[in-house]
């Protein structure tokens, strides 16, 4: 592990207080698959791994945002990520995307299960169909993405799976009971897979973001009351950005975390 000097970033999706970026030599050439990598936190994770020299594939249904991400990275990374347009609520399409990534780069070393939909909803209005749809994108996709990459990890003698969680259920946030149910279940998936496949050097951890200032959050939810809520509840001042989550994802994928598994890492400035 080493560090390189960077100019401070003015981009709101980059840490504003750090002039150094950590370089993980073990990530060079690693095959990384990111679900929901076209925008938000996922895009920051894709960018971070690509800048480490990893061979990144990301699947997303938002073609416009994904294409813009590739354009932003053009000329800045040694290997341009592979984008696969994919509805991650369709398990056959998800499996096909993993197969395409393997055909392009080889068996996956690192899986980042990032895709999610935190749509607000009234508990009393939830139908069977709504429940199943949200379970599919928020939990089922993570389960079957892990299943799809696992045979290759076993062939390669190990790997890392990073499941994105949420502080929403920890903080008892009302208005999205289905999402909270899914994200609390992610910890169970993490710990079960860590125990079952640890003997094969597969590490599985949960990465739980706090309130991250993605464009979606800034547009839909962050107002004066939200700003006050962050000021009151975070132990650390400032705002969490996508790169803060991506930095932890890099550590959990790198060999530096070789003895770290079955754990949850919360990046929320001390809120929970």
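Numbering (my numbering), first residue to last: 360 to 631.
Even glycine gets a Cβ: it sits at the ideal position worked out from N, Cα and C.
Residue range of the unbroken alpha helix (DSSP H) whose run includes residue i
i	result
residue 482	Note, residue 482: premise wrong, no alpha helix (DSSP H); not H, not E.
residue 510	500 to 515
residue 609	601 to 612
residue 595	Per DSSP, residue 595 belongs to no alpha helix (DSSP H) and is neither H nor E.
residue 537	536 to 556
residue 475	Residue 475 -> no alpha helix (DSSP H), and no H or E assigned at all.
residue 529	Note, residue 529: premise wrong, no alpha helix (DSSP H); not H, not E.
residue 574	574 to 579
residue 466	Per DSSP, residue 466 belongs to no alpha helix (DSSP H) and is neither H nor E.
residue 618	Run containing residue 618: none; DSSP gives neither H nor E here.
residue 491	487 to 494
Under 8 Å between C-beta atoms of residue i and residue j
i	j	result
residue 550	residue 462	no
residue 473	residue 400	yes
residue 630	residue 606	no
residue 435	residue 412	no
residue 490	residue 537	yes
residue 568	residue 627	yes
residue 309	residue 385	Residue 309 cannot be examined here, being either before or after the span of the chain that is shown, 360 to 631.
residue 407	residue 440	no
residue 469	residue 389	yes
residue 453	residue 525	no
residue 445	residue 466	no
residue 447	residue 381	no
residue 542	residue 557	no
residue 338	residue 479	Nothing about residue 338 can be reported from this structure: the residues present for the chain run from 360 to 631 only.
residue 405	residue 608	no
Terminal residues of the beta strand (DSSP E) in which residue i lies
i	result
residue 518	518 to 523
residue 568	561 to 568
residue 625	623 to 626
Buried or exposed (CB count within 10 angstroms, at least 16 for buried), residue i
i	result
residue 485	exposed
residue 402	buried
residue 375	Only weak support is given to the placement of residue 375: the predicted model assigns it a pLDDT of 42, under 50, and the question is left unresolved by the model.
residue 565	buried
residue 522	buried
residue 580	exposed
residue 464	buried
residue 612	buried
residue 547	exposed
residue 562	buried
residue 614	exposed
residue 392	buried
residue 531	exposed
residue 477	buried
residue 518	buried
residue 573	buried
residue 426	exposed
residue 428	buried
residue 438	exposed
residue 396	buried
residue 584	exposed
residue 590	exposed
residue 416	buried
residue 414	buried
Proximity test, Cβ basis, 8 Å: residue i and chain C
i	result
residue 407	Among the chains in the structure shown there is no chain C, since it carries only a single protein chain.
Q. Do three or more CB pairs link the segment 487 to 495 to the segment 583 to 601 at distances below 8 Å?
A. Segments in contact, no.
Q. Which runs of the alpha helix (DSSP H) fall wholly inside the segment 367 to 451 and span at least 4 residues, in chain order?
A. For the segment 367 to 451, whole alpha helix (DSSP H) runs of length 4 or above, ordered along the chain, are 399 to 410, 422 to 432.
*Is the segment 449 to 468 touching the segment 503 to 520 in the sense that three or more CB pairs, one from each, lie closer than 8 Å?*
Touching, per the Cβ criterion.
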